[in-house]
Amino acid sequence: MPQATRPVRGKASAGGRGMARSGSVKRLARSNSSSRLRPGQKGGPKGKAKPKARAGGQGAENVRVAVRVRPPNESERGQPMCVTTEEGAPVIEVDTEGTVPPKAGPKGRTPNSGAAKSPIQRYTFDHVFPPGSGNDELYSALGPSLLDSTLSGYHSTLFAYGQTGSGKTYSVSGDHVSPGIIPRLNTELFERMDTMKDEKHEFLVTLSYLELYKDSLRDLLSPSSNTPLEIREHPKLGIFVNGLTELVVESASDVMSLAQQAAQLRQVGSTDMNAQSSRSHTVFSLKVQQRQTETVKDTETVSTLVSKLSLVDLAGSESVKKTGAAGDRFQEGVAINSALLALGNVIHALSEQARSKSRGRGPSQAAFIPYRNSKLTRLLQESLGGNARTTMLATVSPSRVQCQETLGTLGFARRAKIITNSVKKNEDESATVIASLREEIETLRAQLQGGAGQGQGEMDTSHAERMQRYMVALEHAKRQSWRQRQKQAASDRAERLAALTEAGLYDTVVTGIRDAAEIAAKDIAALTSELDRLKHTLSEARQAQADCERNLKEAQEGTGMGIKEATAALKKAKAKSAKAKAAVTDIAQRIRARRADKNAAGAFMKHDQEYRETVAQRERETVQKEHEQALREEEASLMQQDRPDVVSVAMYTTQELRHLQVNAQCRTLRHACKEREREVERLRDLVAKAEELVALRRRQIPLMEAAGARQGREERREELEREKERMRVAEAELQEEKERNASLASALREIGQEPQEGAEAAAIR
């Protein structure tokens, strides 16, 4: 098992290496005292830089780096460990004895090429979390500063980097037992906004979720969208992804609902090192727009701030020998390592640039930053060397088997710590940008029209391409405007659900959310029971503490046990009470997180019911329109035939016989007419029942059943069409009978006789 604290130096160890190790560590600490200086800092006795305030003003700021050591997994238990940490100090040490050094990085530099040659490698960062630390400690150290920056109008980024299976996704997203940074940030963000919100201070939050899989960008909120995603850059708008879905969210449950849906669609796979290995890089972004109205001397001024909070979960670097990847997994690993290599090159170039500046040298021509070598580095361009307050979370394994990868990760983190970003507060300039872009487009259009037909083909092409880029940027700026986002909120959600349905992914999302809701309900019940038990324990601990305080008071007055015994008992009771209180707080937080998950799932299921009812209503309207169209076509066809029956009535020898025959025919026709009318009514009832049955079955059948369900609907539609055809035949026969009856009645009037009941009776006699 790895030690959570730094071992005591000077004690003997196996082989007598304890003293030698202690001495080498002290020499290494002295030799590396200058390597821990920030750019521009002069060396001092302690060699420790004062951290800059991150929530205050703007200017140059270093990337903040935190390292988390995960506990050993089942395959590592019982094996030797190589990582130790110091209690209360952001220091991590790696025992590299017997370990092959990491491969040389860019320009031949290894992660520890500047350090003294010693088996103990010592690193100092802003935060170090030992194996026993939980997600609550991680969030307490990193989360508040991210929120402070975001709500102050600064872009903020947290990205997790490390070997596959080292705990990146667990730290960023967490699980139902211990929520990660994303759910905790989400909850606190909306709580803070609720306290800040009033009539003169408004907030608008939008969410986007992007996946980079095999060097292809994929929109996790609308994965079936036909709009290609392209990375664009504008001097005012910065780096943006054209075509990426951004949904307006109004609560923490909205965010978690969408995040849960997106998680169902992310690319994951199993390798020898991780059963649930992330096979892609993801960027989870919350854009916060806040508009504040101030009145000074009867003059109303509106100021708007725009900030983006990005949480990046990078896929882990992989070794094919250790992961056993083959086929698709091998191709995924190649793409992952290629993107991470490009990221390493960018961080190396930025760190070299920072070192040159700290030594008083200006940036040279060789200080080229290769952002364009990968889509991942383009997405992180603002976060690395740009306009953002960036925090890097490096996750490592404590096992000696993974020591080489751990050294590589720590060297990567050490270089990232040197990078300097140019941070500034971001005011919303959408209106200014839109006006500027429109002016540029009009200028280019005028130049194109003026240069047409003058042999300036290359210039015309250049102007046309520039105008196309400006138009894309203009459309993006329009979509980002406050009013436009509010108007499009409902339509964006509807389009997203329609896209999921069309791609056959909607039922997958629904099933995953429903299962998550059931698990959350069970967890809440179990945690509530545990909370009740812990509350009872806390009550007993507080009562015991009160008793100990009373005993101590009596001891001080000389009427009870000794003061020493009473003090020890009180100290023990206080520790027990504090432990019980911490347990109660932890369980309460977990219940709160699980309730948020359940509420998010409930909100989605409610929205899902509304969506299904909307789709069913649309299908009913479509069927009704098809039915009405078919009736109109049938009516037009009958009108075009225009074939009246010709009825000829023979003259009979006697008037009575004619009366008898006519009356008999009339009765027969009347009876036939009534039978036909009853048949038509019966058919109409059957058609109505069939339509009701079809509507009922459509409500019961899921919207996106497989081909069998669609075939069933086609069969029911054909059956309905057959019923309609029989009804049309019956109506035609009825019409013919009515026309025949009318012809007979006309014939009777022509002969000047009306059928009489008396004549019929006489004929019968």
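Whatever position you read off the sequence shown (first residue = 1), add 364 for the working numbering. Beta carbons: idealized from backbone N, C-alpha and C, even for Gly.
Using a Cβ-Cβ cutoff of less than 7 Å, which residues in the same chain neighbour residue i once the five nearest sequence positions on both sides are dropped?
i	result
residue 656	564, 565, 667
residue 503	545, 548
residue 1097	1040
residue 530	434, 680, 759, 760, 761
residue 543	499, 957
residue 461	483
residue 583	574, 589, 593, 608, 609
residue 926	919
residue 1095	1044
residue 961	540, 620, 880, 884
residue 664	657
Which value, in whole angstroms, describes the spacing of the CA atoms of residue i and residue j?
i	j	result
residue 430	residue 944	30 Å
residue 601	residue 621	29 Å
residue 522	residue 674	6 Å
residue 737	residue 755	23 Å
residue 928	residue 506	42 Å
residue 746	residue 678	16 Å
residue 448	residue 900	38 Å
residue 938	residue 903	12 Å
residue 396	residue 940	Model confidence at residue 396 stands at a pLDDT of 37, short of 50, so the residue's coordinates are unreliable and nothing is read from them.
residue 782	residue 427	7 Å
residue 385	residue 485	Unreliable positioning characterises residue 385 in this predicted model, as indicated by a pLDDT of 34, which lies under 50. The coordinate reading is nonetheless provided below. Roughly 11 Å separates the two Cα atoms.
residue 693	residue 898	46 Å
residue 740	residue 704	8 Å
residue 881	residue 753	35 Å
residue 790	residue 947	41 Å
residue 561	residue 567	7 Å
residue 623	residue 613	11 Å
residue 749	residue 707	12 Å
Apart from the five residues just before and just after residue i, which ones in its own chain have a Cβ nearer than 6 Å to its Cβ?
i	result
residue 578	699
residue 610	570, 572
residue 1054	1084, 1087
residue 930	915, 916, 919
residue 1036	1101
residue 895	951
Comparing alpha-carbon positions, which option in the options lies nearest residue i?
i	options	result
residue 956	524, 550, 512	550
residue 1090	615, 445, 1050, 960	1050
residue 540	885, 1031, 444	885
residue 934	619, 706, 907, 1110	907
residue 1103	1057, 1030, 672	1030
residue 1032	770, 497, 1105	1105
residue 425	553, 555, 787, 568	787
residue 336	607, 510, 508, 1082	Since the first residue shown for the chain is 365 and the last is 1129, residue 336 is missing from the structure and cannot be characterised.
residue 615	811, 556, 450, 511	556
residue 1080	1056, 520, 446, 1042	1056
residue 558	654, 526, 587	654
residue 341	1034, 645, 806	Nothing can be reported for residue 341: it is not among the residues displayed for the chain, which extend from 365 to 1129.
residue 494	446, 623, 897	446
residue 652	669, 878, 598, 581	669
residue 910	936, 1047, 617, 805	936
residue 553	580, 963, 672	672
residue 1092	1078, 1108, 996	996
residue 932	949, 921, 913, 450	913
residue 774	649, 497, 489	489
Mapping DSSP to helix, strand and coil, what is residue i?
i	result
residue 1035	helix
residue 484	strand
residue 673	strand
residue 568	strand
residue 701	helix
residue 561	coil
residue 432	strand
residue 1050	helix
residue 437	coil
residue 393	Confidence in residue 393 is poor, its pLDDT being 34 and thus under 50, which makes the residue's placement too unreliable to answer from.
residue 1095	helix
Give a yes or no on whether 9 Å exceeds the smallest Cβ distance from residue i to chain C.
i	result
residue 751	In summary, chain C is missing from the structure at hand, where a single protein chain is found.
Go through its chain and collect everything with a Cβ distance to residue i's Cβ below 8 Å, but skip five positions before and after it.
i	result
residue 715	779, 780, 782, 783
residue 631	575, 577, 642, 643, 644, 696
residue 891	951, 954, 955, 958
Say whether the stretch 498-516 touches the stretch 450-460, bearing in mind that this needs 3 or more beta-carbon pairs closer than 8 Å, one atom from each stretch. no
Counting pairs of beta carbons, one from the stretch 764-771 and one from the stretch 439-446, are three or more of them closer than 8 Å? yes
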